[in-house]
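Here the sequence shown stands for residues -30 to -1, 1 to 468, numbered as in mature numbering (1 follows the signal peptide of the UniProt record, and there is no 0). Every residue gets a Cβ at the ideal spot worked out from N, C-alpha and C, and that includes glycine. Working notes, structure below.
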Amino acid sequence: MNVSQRPFPPLKRRYGLGAFALAMLLAACAQPPNPPAGAPPAGAHWRADPGELVFTGEVGALAPAPRRFELANTGEGPGAFVLETRAPWLHVQPASGRLQPGETLNVEVRADPCATPGTSSGEIALRGTALRVHVTRSCRSGNRAPQAELSAQPTSGTAPLTVDFTLSESDPDGDALSCSLDFGDGVVHSGCGNTSHTYTEPGRYTARYSVSDGSLSVTDTVSVTVAATGSDEGFDIRILFVSEPDDPDVRAAFENAAARWQQVITGDLRDVQADIPAGACLDSNPGYQGAIDDLLIVADVVPIDGNGRILGMAGPCYVRGGSGQPDYFLPYFGVMKFDSADLDRMKQNGTLEPVILHEMGHVLGLGTLWDAGPFDYLNHDGASCQEASEVSYDGVHAVDAWHALGSVGEVPVENTGGSGTKCGHWREATFGNELMTGWISGAAAPLSRVTAGSLDDLGYAVNYAAADGYAPPSGNAATLGVGEPLEETLIFPEPPSP
């Protein structure tokens, strides 16, 4: 667009001295009127290139990139300019200045970020002229992330476990979506829509459902717990780790403990179709749905309070119902939780395996079922066991084994220590380094026939020949100081359903 403004041609002066006043009057009338304020002075000629600018942006995003146009003075004289924006979202820099003849200037134009979708129009005007630069801002909705949802049924059971996955996905912008489901065991399913998968190996798997619109991606996850299939004969203990221990020696200690107790307990128990909710007994318990044969233990090794203080907790959570059945009130699900710092220390001093074996004994019911449900094996002289000064155990099979060691009376039970020690262990002062006292005295912690007898009292089928050789300390050995206390919390079971 070009505009110009030239002075009115001068009046030819052809008059004599007698007509001077008339000539002056005519000359004054011939001059152009004064230009409006801010208008380019006479002689300036203005051009803008390009004469139209377009901005595009997304709602919620940053402001669109700036644009520029060239302002040129193509006239014969200098000129001042003032640029006016005719939209509240429109800005120019510089907005005013002065250009000499033939001089050009790049004017930067900016638009505010988009607040709502739609198209807006504005313009930039050169004050005092008809020059205009037309500006359009087009705002589109921002690309919103798609949505993905994943669910599975069942989420736990024994191997091989077939799981049905329900997948749903949507995109608020209507974009086309691509989907994939990683089952967590090395197999990936491509595509949207429900599917199923069979897990053949025990473990805890995280299935990940990923949905993408080509720009943004989202993921939903679900955990699947698969336990090993137990044998139909003999006694089976399965360990389900909340997360894989960092130290393989810790896993080995759990597996060795399970194998050791399976040597002592030989009889199969009734299978249980379990529905264990997540968080039961232990906050980190992932839950379990499926058959259990014979005992499933959820194990968690995590930092708790550092080395040398709280070791952890252990015990049965759920026991079998069916009063009158030989395995009534025997556990089918329990938990074990340990401070990783304490297990590291115990590994160094050789007590890791006996400590894991000890805590697994509590899950089986040693010290945790002696006075629970149908069992009434504790005798004491207090209003409660924790208030008593003298505590003993009178289960017939453990007492017989105790007498076979040359002792008399009932089996002495720990009468000192805190609530996690007293009334839940054999008496340290009497039994010394036996496995199920409340102190650990070194790497040697024999599993005695007395402990096997207590399992017999609870209703397990027991192989006494699998017990370790053991004799209670006597003489000077009986007066030696106790070992390191096991700062543990015992967990007691929920009563079974009728």
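CA-to-CA, the gap between Val305 and Glu323 works out to about 17 Å. Look at the beta carbons and you see the region 93 to 111 touching the region 15 to 30: at least three pairs across the two are nearer than 8 Å. Note on Asp427: 16 or more other CB atoms within 10 angstroms of its CB, so buried under the neighbour-count rule.
Pairwise C-beta distances place the region 291 to 302 out of contact with the region 249 to 258, as fewer than three of them are shorter than 8 Å. Short of 7 Å from the beta carbon of Glu73, and not among the five residues preceding or following it, lie these beta carbons of its own chain, in chain order: Asn43.
Taking the C-beta atoms as reference points, Ala122 is found nearer than 8 Å to Val194. When secondary structure is reduced to three states using DSSP, Lys392 falls in the coil class, being assigned neither helix nor strand. Unbroken beta strand (DSSP E) stretches of 3 residues or longer found wholly inside the region 83 to 161: 88 to 96, 102 to 110, 117 to 123, 126 to 128, 131 to 140, 148 to 152, 158 to 160, given in chain order. Taking 8 Å as the cut-off, the beta carbon of Pro442 is found closer than this to the beta carbon of Leu375. Contact annotation: Thr191 and Arg178 have beta-carbon atoms nearer than 8 Å.
Apart from sequence neighbours up to five positions away, the residues of its chain that approach Gln117 with a beta-carbon distance below 7 Å are Glu139, Ser140, Val188, ordered along the chain. Taking 8 Å as the upper bound for CB-CB distance, Leu281 and Phe308 are in contact here, some 6 Å apart. Closest option to Ile274, judged by alpha-carbon separation, among Leu339, Met283, Ile267: Met283. The shortest C-alpha to C-alpha distance from Arg240 to any of Asn277, Phe299, Ala269 is the one to Phe299. Rounded to whole angstroms, the separation of the alpha carbons of Asp264 and Gly154 is 27 Å. Asn76 is bridged by DSSP to Glu40.
Here Asp314 carries a helix assignment [DSSP, helix/strand/coil]. Out of Gly161, Asp145, Gly144, Pro142, the CA that lies nearest to the CA of Phe135 is found in Gly161. For Thr168, the enclosing beta strand (DSSP E) stretches over residues 165 to 169. Here the C-alpha atom of Ala261 lies approximately 9 Å from the C-alpha atom of Asp245. Within the model, the alpha-carbon separation for Leu186 versus Ala18 is close to 41 Å. With a beta-carbon spacing of about 5 Å, Val271 and Pro215 fall inside the 8 Å limit used to define contacts. For Met330, no beta strand (DSSP E) segment is defined; the enclosing uninterrupted segment is the alpha helix (DSSP H) at 322 to 334.
The Cβ-Cβ distance between Ile209 and Ala269 falls below 8 Å. One Cα belongs to Gly390, the other to Thr407, and the distance between them is close to 11 Å.
Within the DSSP bridge table, the entry for Pro301 names Val289 as partners. Below 8 Å, enough C-beta pairs join the region 335 to 354 and the region 416 to 433 to call them touching: three or more. Membership of Arg178 in the beta strand (DSSP E) is indicated by the continuous run 173 to 182.
Following the DSSP letters along the chain, one finds Trp16 inside the beta strand (DSSP E) bounded by residues 16 to 19.
Non-local beta-carbon contacts of Gly249 in its own chain, meaning distances under 8 Å to residues more than five positions away in sequence, involve Asn255, Gly257 in chain order.
The DSSP-derived three-state label of Val432 is strand.
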